[in-house]
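Residue numbers (our numbering), protein chains in the order written: chain S, 51 to 130; chain V, 923 to 1654; chain E, 6 to 225.
First up is the structure itself, then whatever we jot down about it.
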Amino acid sequence: MKARVTVTLKTGVLDPQGKAIEGALGGLGFSGVLGARQGKIIDLDLAETDRAKAEADIRAMCEKLLANTVIENYSVEIKG
Amino acid sequence: MIPNDTPITPDLVKSHGLKPDEYARILALIGREPTLTELGIFSAMWNEHCSYKSSKKWLKTLPTTGACVVHGPGENAGVVDIGDGDVAVFKMESHNHPSYIEPYQGAATGVGGILRDVFTMGARPIAAMNALRFGAPDHPKTRHVVSGVVAGVGGYGNSFGVPTVGGEVNFHPRYNGNCLVNAFALGLARADGIFLSEAKGVGLPVVYLGAKTGRDGVGGATMASAEFDETIEEKRPTVQVGDPFTEKRLLEACLELMASGAVIAIQDMGAAGLTCSAVEMGAKGDLGIDLDLDKVPVREERMTAYEMMLSESQERMLMVLEPARQAEAEAIFAKWELDFAVVGVTTDTLRFVIRHQGEVVADLPIKDLGDQAPEYDRPWVAPQAPAEVKAADVPAPNDLGAALLKILASPDMCSRRWVFEQYDTLVQGNSATIPGGDAGVIRIDGASKGLAMSADVTPRYCEADPYQGGMQAVAECWRNITAVGATPLAITDNLNFGNPEKPEIMGQFVMAIKGIGEACRALDFPVVSGNVSLYNETLGQAILPTPAIAGIGLLADVSRHVGYAFRAEGEAILLVGGHGDHLGQSIYLREIHGREEGAPPPVDLAAEKRHGDFVRGLIAAGEVTACHDLSDGGLAVTLAEMAMAGGRGARIDLEADAPHVALFAEDQARYVVTVAAEAAAAICERAAAAGVPVASIGVTGGETLRFGDGAAISVSSMREAHEGWFPSYMAG
Amino acid sequence: MLRSAVIVFPGSNRDRDMVAALTKITGTAPAVVWHQDTDLPDVDLVVLPGGFSYGDYLRSGAIAARSPVMTAVREKAAQGVKVLGVCNGFQILTEAGLLPGALMRNAGLKFVCREVKLKVANAGTAFTGAYMQGQILRCPVAHHDGNYFADAETLARIEGEGQVAFRYAEGTNPNGSLNDIAGIVNAAGNVLGMMPHPENLIEALHGGTDGRGIFESLAA
Chain S
51 MKARVTVTLK TGVLDPQGKA IEGALGGLGF SGVLGARQGK IIDLDLAETD
101 RAKAEADIRA MCEKLLANTV IENYSVEIKG
Chain V
923 MIPNDTPITP DLVKSHGLKP DEYARILALI GREPTLTELG IFSAMWNEHC
973 SYKSSKKWLK TLPTTGACVV HGPGENAGVV DIGDGDVAVF KMESHNHPSY
1023 IEPYQGAATG VGGILRDVFT MGARPIAAMN ALRFGAPDHP KTRHVVSGVV
1073 AGVGGYGNSF GVPTVGGEVN FHPRYNGNCL VNAFALGLAR ADGIFLSEAK
1123 GVGLPVVYLG AKTGRDGVGG ATMASAEFDE TIEEKRPTVQ VGDPFTEKRL
1173 LEACLELMAS GAVIAIQDMG AAGLTCSAVE MGAKGDLGID LDLDKVPVRE
1223 ERMTAYEMML SESQERMLMV LEPARQAEAE AIFAKWELDF AVVGVTTDTL
1273 RFVIRHQGEV VADLPIKDLG DQAPEYDRPW VAPQAPAEVK AADVPAPNDL
1323 GAALLKILAS PDMCSRRWVF EQYDTLVQGN SATIPGGDAG VIRIDGASKG
1373 LAMSADVTPR YCEADPYQGG MQAVAECWRN ITAVGATPLA ITDNLNFGNP
1423 EKPEIMGQFV MAIKGIGEAC RALDFPVVSG NVSLYNETLG QAILPTPAIA
1473 GIGLLADVSR HVGYAFRAEG EAILLVGGHG DHLGQSIYLR EIHGREEGAP
1523 PPVDLAAEKR HGDFVRGLIA AGEVTACHDL SDGGLAVTLA EMAMAGGRGA
1573 RIDLEADAPH VALFAEDQAR YVVTVAAEAA AAICERAAAA GVPVASIGVT
1623 GGETLRFGDG AAISVSSMRE AHEGWFPSYM AG
Chain E
6 MLRSAVIVFP GSNRDRDMVA ALTKITGTAP AVVWHQDTDL PDVDLVVLPG
56 GFSYGDYLRS GAIAARSPVM TAVREKAAQG VKVLGVCNGF QILTEAGLLP
106 GALMRNAGLK FVCREVKLKV ANAGTAFTGA YMQGQILRCP VAHHDGNYFA
156 DAETLARIEG EGQVAFRYAE GTNPNGSLND IAGIVNAAGN VLGMMPHPEN
206 LIEALHGGTD GRGIFESLAA
């Protein structure tokens, strides 16, 4: 089973990389960019075939390692 | 995917960078048409990068022996005796073409490659430097290249954990299409703990260590020997990606393995990876090598033999191991979570045999791959001597102070703080200096001695007169090492030039080597390692000839080294080597009058040696509080740098009716030193007796740098000018 | 006599600096412990040194914080043994939950190696006793991810409890850390994490000795 974890910075946590992207886009003439936040995507390939079980496993992985919940949120997408 | 038995067409030969006569030579050597894998192997071994076919004839003329030399050129790095059973292992190598295509990864893997060269020999890397050359600041690509290269150098070296203690950064339009990234690394080993690439013994396991093999850089060594054209963007896929974390583990694992006594021979996989490393090990040991590619750890599917043999995936090593110690070796690599695989065996056939999926895909005479590589005596013409620029014909500036500030704020002369603060200059805890001084100084861990190192070349001098320029590069390096109080030992050279098939470029190369050799002999400063990078051209425009010289020197007591900052008020300022009057090719002429003209300052090697030995003696005697050599920008810039670093000014006596000549002349073999005021007279007398012109030219102190009755420039305004350019340019 | 241990993770690179500093200042070489070990020797101080453990991949310190030895570090910390994390060690301690907050990418986005000024914000901790309250120290930094962040509530708590040990002073904050925070202790006061490198300013060769105080405080 394949799954995608998306990790993003929590709202309110300063994101200097996002700010740099926003600035650079402005510099390239994309004037309508009101904000940019950078996150990361982790694609997982799991042996588990039970969807609910897989999702629970991945949430545990996120809590334990993949995201730092002091500063980051995460979401899990099971791709089947 | 092209099959291994594909017919070899002239187009295929050409796309491998082999000339028709070179291909004819291959046919004659093996007596049949090569397979595709064999063609790839020949192209890798016979390109300029690996074979030195255009440069070998001239490199042989360089002095490579000396009292301190343990291993000269021909190994992964040079080895120099530094006493007490310790040796210094060092080399500089270019990663120019990859860095222009993908600045971050190109520079990062350049650093990774040179570090690997050093620890492959059993030495723990303890210092790094880099010499960087970029296009004109206003060229649209320059900022991007600077930003990526500096981040890449830092990204790799910082993570690996080696302090970057010095280097050079220049800008010039002639590097618009070809930046130069020359990375230097220095390691420390015990004299009896050096490892070489020469395999010994038949039937021994050939072991692959480190990261897995992917398709990165397939054809990279071929790319590094080709001129760029407008299809450059398409060459991106061949750039390798570095992983300093793996390299750090590889370092620790290799040193642990070497200490265990299991290693017979070791070679890192650099350019043309598995091919060059295996051939090197076999050919040096008069052995054949039989490789089974099915055993090679790979990270991509369906890799062909051709791709595996030419892959430039980073952080890989090849070793010949003591068979009885194999399990022990494997355990060390498992501990560091690195791949370990027996991929071949040494044989007594002198053949290089490659097996893949049950077939022999290559079977070549191993020694001929190196020994029979083409060697060219390329036609060359000595460049025309440039017209002299007479000092009397160079106008004074309207305002001396403003001219100095303008020079201090110019791209080539401003502070490199923006660059070196991105490098970890302190890791390992033995750094005695931060970059910006004459030479970087580090302590040998656990000892009182230290090593000094500097990387130098003045490309505009080399362009005007490659012979004088080559000498000057060596002399300046020697001088910088002397200026911190160290005794120069040996150098590594990194010769960056354009297309050697053009007689005028070949002429630059030949004359520069002659100059380098001359200076090395006169200064007893032998060449122990080096690298040649040719074809640095884009659309027919060659770089400035840039033979970068990196040298090292020994300090018996590291605590006796001196810096270049004015240390105290009221000290005497002595000019060693006398006033100069040579303004040809000077920074002053270029930055203030917009003229890149004339002959470079001539190099008098006897004077260089006499003056340097005198200064070193003064430092060793503890009489010097600060020392700085004179180079780009002349006396004025030297004094300004000493004032800025010390946060205090000076009053300089100038009798000359043309002060700009005395202040900006770039005559060689000169230093400024500060000494206690009461010691000055006696030192001048001793100097005169030793045939060294030394004059007291002023006194430290105050908040301004004052020249005679004329200009007085505040130290704070100089700092502002000096520190401002780089950050504001990069932010722009 | 201060008995100490330095933990080495794959990718640590200031472990040798830390061993040298501890040896020179305390007169005794620390034990060197591999991250896969599950036991720690009987020591007074456990040090997590600087470097790029696991290449800073995923997040700085994240993977090291989950390595086997960290269970033992947690136990020692709970017993009141002193734990010092410098640079990557600080990142590991926050990732392990032994210290509050997180260390994010520097505000300037670049690696920064330079000398900064530190103000001793709490001279009452076991790590800072050799300094005066409010003393200004010189100290080098060398990091890419040193931008201290904590949510408002946590920040108010650590400020209120005197958990901020060091602040960047005189406008030298190199990374955008909230409240100029350079180093913090845990609520119990026996775990210190700091981004600057005191081990790189302990002798004449380094051009100063301001970093010694931390080790001398512990040895006192």
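Yeah, the Cβ is synthetic: ideal placement off N, Cα and C, and Gly gets one too.
Roughly how many angstroms separate the alpha carbons of Phe1659/V and Leu160/E, rounded to a whole number? Here chain V comprises residues numbered 923 to 1654, so residue 1659/V is not present and cannot be evaluated.
So, are the CB atoms of Met1043/V and Leu1102/V less than 9 angstroms apart? Against the second sequence, residue 1043/V aligns to sequence position 121. Against the second sequence, residue 1102/V aligns to sequence position 180. No.
Is it buried or exposed, Glu1385/V, if we count other Cβ atoms within 10 angstroms and call 16 or more buried? Translated into the one-based positions of the second sequence, residue 1385/V becomes position 463. Glu1385/V should be labelled buried.
Can you pull the chain S residues whose beta carbon is under 8 angstroms from the beta carbon of Arg64/E, in chain order? On the third sequence, position 59 is the one that residue 64/E refers to. The contacting residues are Asn118.
Rounded straight-line distance, which links the Cα of Gly1358/V to that of Met1566/V: On the second sequence, position 644 is the one that residue 1566/V refers to. On the second sequence, position 436 is the one that residue 1358/V refers to. Answer to the nearest angstrom: the Cα atoms are 11 angstroms apart.
Alpha carbon to alpha carbon, how far is Lys1134/V from Gln1162/V? Give it in angstroms, no decimals. Counting from one through the second sequence, the residue named residue 1162/V turns up at place 240. Counting from one through the second sequence, the residue named residue 1134/V turns up at place 212. Answer to the nearest angstrom: the Cα atoms are 13 angstroms apart.
Hey, does Gly198/E have any beta-carbon neighbour from chain S nearer than 9 angstroms? To locate residue 198/E, count along the third sequence from 1; it is residue 193. Output row for Gly198/E: interface = no.
Going by alpha carbons, who is nearest to Asn195/E out of Phe57/E, Phe132/E and Asp22/E? Within the third sequence, the letter at position 190 stands for residue 195/E. Closest option to Asn195/E, Cα to Cα, is Phe132/E.
Is there a Cβ of chain V sitting closer than 9 angstroms to that of Glu204/E, yes or no? The residue given as residue 204/E occupies position 199 in the third sequence. For Glu204/E, the answer is yes, since a Cβ of chain V falls inside 9 angstroms of its Cβ.
Residue of Gly1555/V, Cys1549/V and Ala1184/V minimising C-alpha distance to Gly1568/V: Taking the first residue of the second sequence as position 1, residue 1568/V is located at position 646. Considering only alpha carbons, the answer is Cys1549/V.
Given Asn1092/V as reference, the closest of Asp1589/V, Val1525/V and Val1341/V once Cα atoms are compared: Residue mapping note: residue 1092/V aligns to position 170 of the second sequence, counting from 1. Of Asp1589/V, Val1525/V and Val1341/V, the residue nearest in Cα terms is Val1341/V.
Taking 9 angstroms as the cut-off, decide whether the C-beta atoms of Val86/E and Leu53/E are in contact. The residue you call residue 86/E lines up with position 81 of the third sequence. The residue you call residue 53/E lines up with position 48 of the third sequence. No.
Between which two residues does the beta strand (DSSP E) carrying Glu1655/V extend? Only positions 923 to 1654 of chain V appear in the structure, and residue 1655/V is not among them; the question remains open.
Just mark Met1191/V as buried or exposed, buried being the case when its beta carbon has 16 or more other beta carbons within 10 Å. By one-based count along the second sequence, residue 1191/V stands at place 269. By the neighbour-count rule (16 or more Cβ atoms within 10 Å), Met1191/V is buried.
Just the chain S side, please: which residues come within less than 8 angstroms of Ala112/E by C-beta, in chain order? Numbered from 1 along the third sequence, position 107 holds the residue referred to as residue 112/E. Going along chain S in sequence order, the residues near Ala112/E (Cβ under 8 angstroms) are Leu64 and Pro66.
Between Arg1482/V and chain E, is there a C-beta pair that is closer than 9 angstroms? Position 560 of the second sequence, counting from 1, holds the residue named residue 1482/V. With 9 angstroms as the cut-off, Arg1482/V does not count as an interface residue toward chain E.
Show which residues of chain E have a CB atom less than 8 angstroms away from the CB atom of Leu115/S. As a working note, residue 115/S is residue 65 in the first sequence. Those within 8 angstroms of Leu115/S in chain E are Leu63, Ala67, Ile68 and Arg71.
Mind listing the chain E neighbours of Ile121/S? Cutoff is C-beta to C-beta under 8 angstroms, in chain order. Position 71 of the first sequence, counted from the first residue, corresponds to residue 121/S. In chain order, Ala107, Met109 and Phe154 make up the part of chain E whose C-beta sits under 8 angstroms from the C-beta of Ile121/S.
Does the contact criterion of 3 or more C-beta pairs under 8 angstroms hold for the segment 1621–1637 of chain V versus the segment 1300–1316 of chain V? no
Helix or strand or just coil, what does DSSP make of Ser1370/V? Taking the second sequence and counting its residues from 1, one reaches residue 1370/V at position 448. It is coil, neither helix nor strand.
Whose Cβ in chain E lies nearer than 7 angstroms to the Cβ of Phe1586/V? If you number the second sequence from 1, residue 1586/V lands on position 664. Chain E residues near Phe1586/V: none, gap ~31 angstroms exceeds 7 angstroms.
Chain E contact for Ala70/S (CB, 9 angstroms cutoff): The residue you call residue 70/S lines up with position 20 of the first sequence. Yes, contact with chain E.
Using the Cβ count rule (16 or more neighbours within 10 Å means buried), how would you classify Trp1647/V? In the second sequence, residue 1647/V corresponds to position 725, counting from 1. Buried: at least 16 other Cβ atoms inside 10 Å.
Nonlocal neighbours in the same chain, by C-beta distance under 8 angstroms from Ser1147/V, ignoring five residues either side: Counted from its first residue, the second sequence places residue 1147/V at position 225. Unreliable placement is indicated for Ser1147/V, whose pLDDT of 48 sits below 50; no coordinate value is reported for it.
Pull up the DSSP beta-bridge partners for Ser1636/V, would you. Counted from its first residue, the second sequence places residue 1636/V at position 714. In DSSP, Ser1636/V forms a bridge with Thr1626/V.
Beta-carbon gap between His40/E and Val11/E smaller than 9 angstroms: What you label residue 40/E is simply residue 35 of the third sequence in a count that begins at 1. What you label residue 11/E is simply residue 6 of the third sequence in a count that begins at 1. For His40/E and Val11/E, no; Cβs fall outside 9 angstroms.
Residues near Ser182/E in its chain [Cβ-Cβ closer than 6 angstroms; skip 5 each side]: The residue given as residue 182/E occupies position 177 in the third sequence. Leaving aside the five residues that flank Ser182/E on each side, the residues in its chain whose CB is nearer than 6 angstroms to its CB run, in chain order, Asn152 and Tyr153.
CA-to-CA distance, Asp1299/V to Lys1157/V, given in whole angstroms: On the second sequence, position 235 is the one that residue 1157/V refers to. On the second sequence, position 377 is the one that residue 1299/V refers to. Low confidence applies here, because Lys1157/V scores a pLDDT of 43, under 50, leaving its location unreliable; read the following figure in that light. Roughly 30 angstroms separates the two Cα atoms.
Pull up the distance between the alpha-carbon of Thr1622/V and that of Leu1477/V, whole angstroms please. Residue numbering aside, residue 1622/V sits at position 700 when the second sequence is read from its first letter. Residue numbering aside, residue 1477/V sits at position 555 when the second sequence is read from its first letter. So the two alpha carbons sit approximately 27 angstroms from each other.
How is Ile207/E classed by DSSP in three states: helix, strand or coil? Looking up residue 207/E in the third sequence gives position 202. Residue state, collapsed to three classes: coil.
Does Leu59/E come within less than 9 angstroms of chain V when only Cβ atoms are used? Within the third sequence, residue 59/E is the residue found at index 54, counting from 1. For clarity, residue 59/E is Tyr in the given sequence; the question names Leu instead. Chain V, which has a Cβ nearer than 9 angstroms to the Cβ of Tyr59/E, makes this yes.
Using a C-beta cutoff of 9 angstroms, does Gly181/E count as contacting chain S? Walking along the third sequence from the start, residue 181/E turns up at place 176. True, the Cβ-Cβ gap to chain S drops below 9 angstroms.
Taking only the alpha-carbon atoms, compute the straight-line gap between Tyr1651/V and Ala74/S and give it to the nearest angstrom. Walking along the second sequence from the start, residue 1651/V turns up at place 729. Walking along the first sequence from the start, residue 74/S turns up at place 24. Cα to Cα, Tyr1651/V sits roughly 16 angstroms from Ala74/S.
Using DSSP bridges, identify the partner residues of Lys1289/V. Stepping through the second sequence from its first residue, residue 1289/V is reached at position 367. Under DSSP, Lys1289/V forms no beta bridge with any residue.
How long is the line joining the alpha carbons of Arg1489/V and Ala1030/V, rounded to whole angstroms? Counted from its first residue, the second sequence places residue 1489/V at position 567. Counted from its first residue, the second sequence places residue 1030/V at position 108. One C-alpha to the other measures close to 37 angstroms.
When the cut-off is 9 angstroms and only beta carbons count, does Leu1348/V lie next to chain E? Translated into the one-based positions of the second sequence, residue 1348/V becomes position 426. It does: the Cβ of Leu1348/V has a partner Cβ on chain E nearer than 9 angstroms.
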